[in-house]
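I have placed the structure first, in the form of structure tokens, so that the comments after it can refer back to it.
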Amino acid sequence: MKISVLYGTETGNAEMLADDIQSALSDEHEIDCINLADVDPGALSSETFHVIVCSTYGDGELPASAKPFAEELAKTGNGLSGIQFAVFGLGDAEYAETFTHGSLKLADLLKSCGATQVGERMTHDASGDCLPEDVAVPWISEILNQVPLHSKEM
0 MKISVLYGTE TGNAEMLADD IQSALSDEHE IDCINLADVD PGALSSETFH
50 VIVCSTYGDG ELPASAKPFA EELAKTGNGL SGIQFAVFGL GDAEYAETFT
100 HGSLKLADLL KSCGATQVGE RMTHDASGDC LPEDVAVPWI SEILNQVPLH
150 SKEM
């Protein structure tokens, strides 16, 4: 299966986790890792499964590298039918009102444009005891088992 790990980051944490996911899956899948700042939403392929890794910045906002992608999505408004994705959010539960809102905003935007989310959005709390990759790698492995059978030939 072709997989593209797309990350939105402010300080580099989402990029590091995206790299960890890429490393964990690279033996079994054709996989790349791309900053959302370098992604044109119109170029997303239905032949690729997209894993979104996104932090939250400030008052529940998208990180700087995800903003251009989100703005372009909001402009186009649709056209992502056939696109499948999963979302992993990074945040700090000390900020309970805005915890992982960056990833939530991206997921909602993708769905509003016609993309299909596979599985539940997963999150990691920076205030917690475990490392993000200890949550993300088992999660994405389970998500990939949920991708419809015809998509596994991607």
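So in numbering that gives the first Met the number 0 the end of the sequence shown lands on 153, straight run, no missing numbers. The beta carbon of each residue, even a glycine, is placed where N, CA and C say it ideally should be. Since we're looking at a predicted model, the values are computed, not measured.
When the options are compared against residue i, the one with the closest alpha-carbon
i	options	result
Arg120	Gly76, Gly101, Gly127	Gly101
Ala114	Thr122, Asp91, Ser44, Ala63	Ser44
Cys53	Ile20, Leu103, Asp37, Gln21	Leu103
Between the CA atoms of residue j and residue i - distance to the nearest angstrom
i	j	result
Glu141	Ala135	10 Å
Glu60	Ser3	23 Å
Val146	Ala69	24 Å
Leu16	Ala42	23 Å
Gly57	Asp124	15 Å
Glu27	Glu132	18 Å
Residue i vs residue j beta-carbon contact at 8 Å
i	j	result
Pro40	Leu72	yes
Assigned secondary structure, residue i (DSSP; H/G/I helix, E/B strand, else coil)
i	result
Ala92	coil
Ser80	coil
His28	coil
CB contact check: residue i to chain B, cutoff 8 Å
i	result
Asp91	As a matter of chain content, chain B is missing from the structure shown, which is built from one protein chain.
Query - contact_flag[the stretch 29 to 36, the stretch 74 to 83] where n(CB pairs < 8 Å) is 3 or more - result: Three or more Cβ pairs closer than 8 Å define a contact, and the stretch 29 to 36 falls short of that threshold against the stretch 74 to 83.
Query - Stretch pair the stretch 84 to 95 + the stretch 47 to 54: three plus CB contacts closer than 8 Å - result: Contact holds between the stretch 84 to 95 and the stretch 47 to 54, because three or more Cβ pairs, one in each stretch, are under 8 Å apart.
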